[in-house]
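Here the protein sequences come in this chain order: L and F. Just so you know, the UniProt record's numbering puts 176 at position 176 of the first sequence, and the rest follows in order with no gaps. Just so you know, the UniProt record's numbering puts 147 at position 147 of the second sequence, and the rest follows in order with no gaps. No residue lacks a Cβ here, since even glycine has one placed at the ideal position from N, Cα and C. These notes are about the structure you will find just below.
2 protein chains.
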Amino acid sequence: MLVRQDLSYFFMGKKVIRIKDIAEKAQVSTGTVDRVIHNRGRVAEDVKERVNSIIKQLNYEPNLMARVLSSRKTFNIAALIPDHKIDAYWSAPKSGIKKAESEFRAYGTKIEYYTFNPYKVESFVKKADELTKEKPDAIILSPIFYKETLPFFEKWKSQNIPFVLFNTEIHEYDPLSYIGQDSYQSGLIAAKLIHYGNPDPSTFLVAHIDEGTANAAHLEKKEQGFRDYFEQNSLSDYQIIRAELNTAQLSSFLNAFDTILRENPELKGIYVTTSKAHEIANLLQQKHIRTLKIVGYDLVSKNIKLLNNGMISFLINQHPKGQGYWSVSHLVDHLIFKKEVPMLKYLPLDIVTKENLNYYLDSDE
Amino acid sequence: MLVRQDLSYFFMGKKVIRIKDIAEKAQVSTGTVDRVIHNRGRVAEDVKERVNSIIKQLNYEPNLMARVLSSRKTFNIAALIPDHKIDAYWSAPKSGIKKAESEFRAYGTKIEYYTFNPYKVESFVKKADELTKEKPDAIILSPIFYKETLPFFEKWKSQNIPFVLFNTEIHEYDPLSYIGQDSYQSGLIAAKLIHYGNPDPSTFLVAHIDEGTANAAHLEKKEQGFRDYFEQNSLSDYQIIRAELNTAQLSSFLNAFDTILRENPELKGIYVTTSKAHEIANLLQQKHIRTLKIVGYDLVSKNIKLLNNGMISFLINQHPKGQGYWSVSHLVDHLIFKKEVPMLKYLPLDIVTKENLNYYLDSDE
DNA sequence: TTTGTTTGTGTGTTCGGACACGCAAATATA
DNA sequence: TATATTTGCGTGTCCGAACACACAAACAAA
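In structure tokens:
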């Protein structure tokens, strides 16, 4: 008969501590140590303290492999996200979620998708209701409807279901974690880029296109960052104007834009705070106007085309794929590995030109 | 007595395949399946085929947790890297390696560091010799000395020790993987940035500072990218000049630079292809020249200071930390998880301004 | 005092895979 | 033919942690 002896092995000169080692040192059984670790009760107070102090002293770190393997739970994560068939932007976060899903599948995570129409509140509420009924172990969502989301937060909170937000930040009922971009900083960057390309005093337009109240806070922060750049650098001879445009009503959109062009002959740059820079760029292309610098957001295909032909100067990439990925990753760290996860994770803001576009298109963060 | 029955559990509707399941279906024992999987021989040919076809058919994916847990090997990885006390640039890759080390410690990886003086070949050779004697399970290195590295590659190759290169690319004796930046593309980007800020025809300087032959290929590629940008965009009325400067001999450096300034009154921008943009920026600051746009590389503290006060317009970040991290990560994927790893990984090129600097300073990729 | 419940602790099985060993049958060598 | 060796396959233990269960002692209720 084979008996491999108890190695209690060493790693980098240090003994690797197992529950068994703690048990021996504390003169109790592994079961007791386990009960202490998981606070499952049924342990005498003095023993508990003794074990805990030994755990601390030996700097015990549980073996995650063994933990995952032995407690073979499956965690159901619900992802409440906008339908990418309706707004292409959302395909990136989804692919990030999918990437994480496949990476963490082995740990027993399962993701159920609830997709809603980003332009219809009812659709959001309906899906959120469905999801809540299923009582998932955790939730990922982009709460683009502020008012309607709050009651759900309350419910999840009371049911102790952790949720992670991405893309859109809501502070109330603190989520486990928020993954997103720093809108204010991105406004600063946009300003820098536009200013850098137009060193002489002129007029710049901040255009909020096609996003109503849903993202209002974000857009405001972006605009504030943009304006503050000029303020901070004492560039008071630059004029910043703003416009809210909606391409749904095409003719009024065209009119409004024409008016802006007419009334601002000194206009040299446009900062589009949403992913709709292509709407403006297309228009300018049709009008054969090539003197305006456009800075926009997000690597959606329509933007990419116009970045490549030079109509758009820069796109700021908010790592939408990374947002999806990290949302899941944080949840897995929390649920499975019981790690502390940061409450806030701002993803980097990448400045994308046609020259470095390739990296961001299929970067697998 | 408790008997938990064999669950052969389901996940997302699909049965999760274990060795046991394969064994049952193939009417053999798990030991046999194991021998097939690991090609340990001692299996009849027909059985082997049967098992293999079932593995394929059921799309068996080994449980990595279980694998790591049961085969409790420790892998010794040797990291051969330049001393960051001599050149600050190298602290970033090292911190990336350390990050990966702590992340993968649980999988049984141990990293031994061999640091050499990046300015002394002998130092490199000595450390490489030491390392080779230790017969590590894998090697990570930045082969900044081309000629001297080749014999080691040969040796490691013959000893079947996989090695990963980062930062500096050498094609011969193909490494397991190369992690680095696309120098040519970064030249293009630099050109775009400098041109964007100087739309009117003028002169630009490509300055190679303080790096001799070690990085020659890289620097050439950068310059080529820079020049090609103007070519591709038919900007033939821009003049591109080049200079190789060495700050070690200070007076000749100053003289050379003065000459350049004197002879090129139309000079509007400087592209520093190394991490030494601060040398130029400092000089210009002393001379109170603020009309030149400088684009350089790497977030070393001296550069950061000058980025923040506006002397340097942009820094291109080559993700040095990520290079270290991904080197280890690829090795772990290969050694432990037996995954396919890409032969080439170009990390993104980030355009850093003082506005988005924060993200890159402690971004934990 | 007897019976029931709570508290404290130890034991044994399991997760999926790796590998050492046992052992019979087939084949080779004497 | 007797003895060695190789080949093919099964069994059992272990990795470290989780958790179900067994069971004695302490305490409470009858």
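What number of angstroms, rounded off, separates the C-alpha of residue i from the C-alpha of residue j?
i             : j             : result
residue 321/F : residue 112/F : 18 angstroms
residue 198/L : residue 191/L : 10 angstroms
residue 102/L : residue 345/L : 22 angstroms
residue 37/F  : residue 328/F : 26 angstroms
residue 79/L  : residue 107/L : 18 angstroms
residue 306/F : residue 268/L : 28 angstroms
residue 284/F : residue 270/F : 11 angstroms
residue 46/L  : residue 17/L  : 22 angstroms
residue 356/F : residue 185/L : 7 angstroms
residue 69/F  : residue 282/L : 57 angstroms
residue 370/F : residue 155/L : Shown here, chain F extends from 1 to 365; a query on residue 370/F therefore has no answer.
residue 260/L : residue 263/F : 45 angstroms
residue 41/F  : residue 57/F  : 22 angstroms
residue 365/L : residue 299/L : Confidence at residue 365/L is low in this model, with a pLDDT of 47, below 50, so the placement of that residue is unreliable and no value is reported for it.
residue 178/F : residue 132/L : 46 angstroms
residue 358/F : residue 52/F  : 52 angstroms
residue 311/F : residue 147/L : 46 angstroms
residue 127/F : residue 134/F : 11 angstroms
residue 110/L : residue 76/L  : 5 angstroms
residue 211/F : residue 153/F : 24 angstroms
Based on DSSP bridge pairs, tell me the residues matched to residue i.
i             : result
residue 272/L : 207/L
residue 82/L  : 116/L
residue 139/L : 78/L and 163/L
residue 317/L : 350/L
residue 242/F : 206/F
residue 324/L : Paired residue(s): none; residue 324/L is not in a bridge.
residue 345/F : 179/F
residue 295/F : 271/F and 314/F
residue 111/F : 77/F
For residue i, which option in the options has the closest C-alpha, if you only look at C-alpha atoms?
i             : options                       : result
residue 337/F : 21/F, 73/F, 57/F and 291/F    : 73/F
residue 60/F  : 34/F, 221/F and 162/F         : 34/F
residue 89/F  : 174/F, 301/F, 123/F and 271/F : 301/F
residue 222/L : 247/L, 205/L, 154/L and 354/L : 205/L
residue 175/F : 130/F, 341/F, 229/F and 232/F : 341/F
residue 169/F : 195/F, 358/F and 140/F        : 140/F
residue 71/L  : 66/F, 229/F and 240/F         : 66/F
residue 81/L  : 211/L, 58/L and 124/L         : 124/L
residue 350/L : 229/L, 319/L and 246/L        : 319/L
residue 226/L : 183/L, 237/L and 247/L        : 183/L
residue 215/F : 193/F, 142/F, 266/F and 203/F : 142/F
residue 229/L : 244/L, 193/L, 249/L and 24/L  : 193/L
So, under 8 angstroms CB-CB, residue i and residue j are touching, yes? Tell me the CB distance rounded to an integer number of Å.
i             : j             : result
residue 167/L : residue 323/L : 6 angstroms
residue 303/F : residue 278/F : 5 angstroms
residue 316/F : residue 189/F : 6 angstroms
residue 119/F : residue 86/F  : 7 angstroms
residue 207/L : residue 272/L : 5 angstroms
residue 325/L : residue 99/L  : 6 angstroms
residue 313/F : residue 196/L : 7 angstroms
residue 129/L : residue 335/L : Wrong, their Cβ atoms sit about 23 angstroms apart, outside the cutoff.
Exposed or buried, what is residue i when buried is set at 16 or more other beta-carbons lying within 10 Å of its beta-carbon?
i             : result
residue 289/L : exposed
residue 218/F : buried
residue 286/F : exposed
residue 201/F : exposed
residue 348/L : buried
residue 159/F : exposed
residue 343/L : exposed
residue 255/L : exposed
residue 234/L : exposed
residue 5/F   : Reliability fails at residue 5/F, whose pLDDT of 49 lies under 50, so the model's placement of it is uncertain and the value that follows must be treated cautiously. So residue 5/F ends up on the exposed side.
residue 1/L   : Caution is warranted here: a pLDDT of 39 is assigned to residue 1/L, below 50, making its placement in the model unreliable, and the coordinate value is therefore given only provisionally. With fewer than 16 other Cβ atoms within 10 Å, it is exposed.
residue 3/L   : Residue placement at residue 3/L cannot be trusted, given a pLDDT of 44 that sits under 50; what the coordinates show is reported in the next sentence. Exposed is the call here.
residue 258/L : exposed
residue 63/L  : buried
residue 181/F : buried
residue 171/L : exposed
residue 96/L  : buried
residue 354/F : buried
residue 12/F  : Note that residue 12/F scores 48 on pLDDT, short of 50, meaning its location in the model is unreliable; the coordinates nonetheless yield the value given after this. Under this definition residue 12/F is an exposed residue.
residue 241/L : exposed
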